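Below you'll find the structure, written out as C-alpha cells, and then a few comments.
There are 2 protein chains.
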Amino acid sequence: MSILEAYLKEKKELIDLALPLYLPPIDTYPKIIHEAMHYGVAVGGKRLRPILALTTAELVGFNDQKAIMPLLCSLEYIHTYSLIHDDLPAMDDDDFRRGKPSCHRVFDEGIAILAGDALLTYAFELLTKLARPQGPFSEGLVLQMISKVSHAIGTKGLIGGQVVDLQSENKIINLETLKFIHGNKTAALFETAMVTGAMLGNASKKQMKAIKLYANAFGLAFQISDDILDIKGDTVLLGKTVGSDEKKNKATYPSLLGLEKAEKLMLKCISDGKTALNIFGNKGRLLTELIEYIANRRI
Amino acid sequence: MSILEAYLKEKKELIDLALPLYLPPIDTYPKIIHEAMHYGVAVGGKRLRPILALTTAELVGFNDQKAIMPLLCSLEYIHTYSLIHDDLPAMDDDDFRRGKPSCHRVFDEGIAILAGDALLTYAFELLTKLARPQGPFSEGLVLQMISKVSHAIGTKGLIGGQVVDLQSENKIINLETLKFIHGNKTAALFETAMVTGAMLGNASKKQMKAIKLYANAFGLAFQISDDILDIKGDTVLLGKTVGSDEKKNKATYPSLLGLEKAEKLMLKCISDGKTALNIFGNKGRLLTELIEYIANRRI
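Going down the list, the sequences are from chains P and Z.
If you count the first sequence from 1, position 91 lands on 91 in the working numbering, and the numbers rise without skipping.
If you count the second sequence from 1, position 36 lands on 335 in the working numbering, and the numbers rise without skipping.
Listed below in C-alpha cells is the structure:
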C-alpha cells in the first residue's frame, strides 16, 4: 500500500467512525427516520469530500482533526442527501447504490425523501456547532462557511446541476451542458469541501486561489475518470453495472469527445492540478498524488 | 375591517411583495427550478409565520421591517418547502394546494422534490445575509438563529412530525401521538418564527419565556381551529374540500376528543396565550387579538 493509500484508509476509517456519532441516535423517536438517515450514511463510499476538506485544512497548517470533524461530517451528510434524492424513482430511479438497495427500496419513498431533507437540515445544524462556545472557531468564520456551503448546493450549484441532468435525459446535449451538469452536480461540492477546509485552516488569499484552481482540475479529472470507469471498469469492484451510461444513452466526456480526447483532457487536468499546488512545495505532495490516484482508480 | 385585519392585510402585502424579490430571479438558468420555486411561493396563504416573526420583533421594540425581511422570507420559504414535499404522491398525495394545482402537478415530481430542496437550502443562505456586513445583526446572533431554525425543522421538529403523520395513516392513534404530530409539524415552526423574531429584537429572558408560552398556546389553538374548520368550514372559502379529514380517516382533535371538548381546549389555549402576554401590557394587544382571530377564522 502506498503512503497515499494508507493515508486515505486511515482518514476514511476516522470519518466512518465519526459519521454515526454526530447524527441523532438511531433509536431516537421517530425511529424510522433516524434508521433511514443512518442507513444512507452507512452505505459508505470513499468519503472523498470530508477527506478533501481535512487534507486541505492540513495543507494550510490546521491539524486539529477533532475540531474540524463537524465540517467533515456535514459535507458527507449533504453528499448523502443528494444521493438519496437522486436515486428516487422521480429522479434517476436507481434501485442500488454501491451494491446495496437504495434508501427508498429499504424504506419507502416518503421516508427516503424525508431522510434526505433531514440530512440536509441536520448538516446546517451541525455546522453551527463549529463556532464558539461549542466549537473553537469564530462565529463570523462559521457564518461565512454556511453561506459558502448553502450557495454551492443550491440552484447555482448542486441542485442546478441535478436539474439540468434530469432535463437532459434521453436528449442529445453538447459539451457546454455536460460541463454545467458535472461542474455543479459533482465539482461544486468537491470545491466547497476544499475551500471550507482551507477557511477553517485560515488560508491566505494566495493559498485559497491555488486551492480553487486545484479543486476545479480535481473535479473534472474525477468526472472524466468516472466516465471512463463506466467503459473500462470492473462491475464487481464498482458495485454497479459497467456500460450503464451507454445503455442509458447518457452523454459523458468519452461519448462527446471520444475516449482518446477524454483521456487527454483528464491528463491535462491532472497536470493543471499539480501545477496549482506548486506554491505549497513538498506539503502539496498528498494532494498531488491524490489527483493522479483518483484519475487512475479502479473503483 | 378591524385594526387587526388591516394590520394582517398590510403585513401580508408587504411580505407578498418581498417573497419573489429575495429568490433567485425566475429566468435564471436553469429556469424550470426557479419557476417551480416561485410558483410554490406564489400559491400564497396567510403568511402567518413571517407575520408572527415580525409582530413579535415589534412587540419587543424592533421596528426595522427591511432589516428583518430576510428572516421573514426564509421562514416562508421553509414553510413552502415543507408543503411542496408534503403534497408529493409518496407523502400526502395532494393534487391541490389552496385551490391551485400542487407543485408536482404543474411541474413533475422530480422538479418538485428539487424545488423543495432548493427553497430549504436557499432559506439558510438568506439567513446568513442578516449578519454584518450585509445585514445589521451580529454574526453570533444570526448563527444562534440558524441553529434554532435548523433544529426546529429537523427530525426533532417539523420532519419528525411529518414522519409520524405518514406512519399514522390509516391507523388509530392516541392523543399523545396527535399532539406529537402537530406540535412538531405545525407548532414548531410557529414557535421558531416568534422566537427568532424576538431574538432579532433582542428580547429579555422574561420576554422570551412569555413568547414561548404564547407560541405553544397559539400553535395548538391554530391546529384545533384547523380541524374544526374541516368539519364546519366552507369549501369555496377554504380552497379545499371540507370533510376531507373524516374521509381520509384522519385523527383530529375533534375526532379524538369530540367536538365540544376540542372547542373547550381551544378556548383554554386562547386564554393561556392571552395570559402569557400580560407582561407586555397594551403592547401585546395585536397578538392577543390574533390568537382569538385565528381560532375563529373561516379560512
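A virtual CB, placed ideally from N, CA and C, is assigned to each residue, including glycine.
Predicted model, so just to flag it, every value in this text is computed and none were measured.
**Message:** Taking the alpha helix (DSSP H) that V195 of chain P belongs to, which residues open and close that run?
**Reply:** 188-200
**Request:** Name the two residues that bound the continuous alpha helix (DSSP H) containing P50 of chain P.
**Result:** 48-59
**Request:** Would you mind giving the Cβ-Cβ distance between V405 of chain Z and Y338 of chain Z, rounded to the nearest angstrom? I have them listed as a contact below 8 Å.
**Result:** 6 Å
**Request:** Could you say which of P:K250, P:G61, P:F190 lies nearest to I231 of chain P if we only look at CA atoms?
**Result:** P:K250
**Message:** Please tell me whether I68 of chain P has its Cβ less than 9 Å away from any Cβ of chain Z.
**Reply:** no
**Prompt:** M37 of chain P CB to nearest chain Z CB: under 9 Å?
**Reply:** yes
**Against chain P: residues of the segment 385-396 of chain Z by CB proximity under 7 Å** = L387, A389, M390
**Prompt:** K504 of chain Z by DSSP, collapsed to three states: which one?
**Reply:** helix
**Asked** Listing by chain order, which chain P residues have their CB less than 8 Å from the CB of Y421 of chain Z?
**Response** S150, G154, T155
**Request:** For chain Z, find out if any of its Cβ atoms is closer than 9 Å to the Cβ of Y22 of chain P; answer yes or no.
**Result:** no
**Asked** Just checking, does the segment 424-435 of chain Z make contact with the segment 95-103 of chain P on the three C-beta pairs under 8 Å criterion?
**Response** no
**Request:** Provide the residue span of the alpha helix (DSSP H) that contains T379 of chain Z, from first to last.
**Result:** 364-386
**Request:** Establish whether the CB of D604 of chain Z and some CB of chain P are separated by less than 9 Å.
**Result:** Because chain Z here runs from 300 to 598, residue 604 of chain Z falls outside it and cannot be looked at.
**Asked** Start and end of the alpha helix (DSSP H) containing K9 of chain P?
**Response** 3-22
**Request:** Measuring alpha carbon to alpha carbon, tell me which of Z:I410, Z:I350, Z:T427 ends up nearest I333 of chain Z.
**Result:** Per the sequence shown, residue 333 of chain Z should be read as His rather than Ile. If we check each option's Cα against that of H333 of chain Z, Z:I410 comes out closest.
**Asked** If you run the structure through DSSP and keep just helix, strand and coil, what is K31 of chain P?
**Response** helix
**Request:** With 7 Å as the limit, tell me which residues of the segment 177-208 of chain P have their beta carbon closer than that to any beta carbon of chain Z; keep them in chain order.
**Result:** none
**Asked** Using the beta-carbon count (16 or more within 10 Å), is E91 of chain P buried or exposed?
**Response** The identity of residue 91 of chain P in the sequence shown is Met, whereas the question assumes Glu. By the neighbour-count rule (16 or more Cβ atoms within 10 Å), M91 of chain P is buried.
**Request:** Kindly indicate which three-state DSSP category A411 of chain Z falls into: helix, strand or coil?
**Result:** helix
**Asked** At least one CB of chain Z closer than 9 Å to the CB of Y29 of chain P: is that the case?
**Response** yes
**Request:** Check whether the Cβ of Q522 of chain Z sits closer than 8 Å to any heavy atom of the ligand ADP, and report yes or no.
**Result:** Of ligands this structure carries none, so the ligand ADP is not represented either.
**Prompt:** When the cut-off is 9 Å and only beta carbons count, does V340 of chain Z lie next to chain P?
**Reply:** no
**Prompt:** Listed from N- to C-terminal order along the chain, which residues in the segment 159-179 of chain P have their beta-carbon within a distance smaller than 8 Å of any beta-carbon of chain Z?
**Reply:** I159, G160, Q162, V163, V164, L166, Q167
**Request:** Check whether the Cβ of Q144 of chain P lies closer than 9 Å to any Cβ atom in chain Z.
**Result:** yes
**Message:** Within the continuous alpha helix (DSSP H) that includes R404 of chain Z, where are the two ends?
**Reply:** 402-405
**Request:** Rounded to whole angstroms, what's the CA-CA distance from N174 of chain P to S503 of chain Z? Just pull it up for me.
**Result:** 58 Å
**Buried versus exposed call for M498 of chain Z [16 or more other C-beta atoms within 10 Å across all chains shown]** = buried
**Message:** Can you tell me whether R584 of chain Z is helix, strand or coil according to DSSP?
**Reply:** helix
**Prompt:** Which same chain residues, not among the five before or five after I32 of chain P, have their C-beta less than 7 Å away from its C-beta?
**Reply:** F107, I111
**Request:** Determine the closest residue to T155 of chain P out of Z:M507, Z:F521, Z:L419, with distance taken between C-alpha atoms.
**Result:** Z:L419
**Message:** I'd like to confirm the pairing. Which residues does DSSP put opposite A131 of chain P in its beta bridges?
**Reply:** P:F137
**Request:** Would you mind stating whether A451 of chain Z and E490 of chain Z have Cβ atoms separated by less than 9 Å?
**Result:** yes
**Request:** Measure from the C-beta of T128 of chain P to each C-beta in chain Z and report whether the shortest distance is under 9 Å.
**Result:** yes
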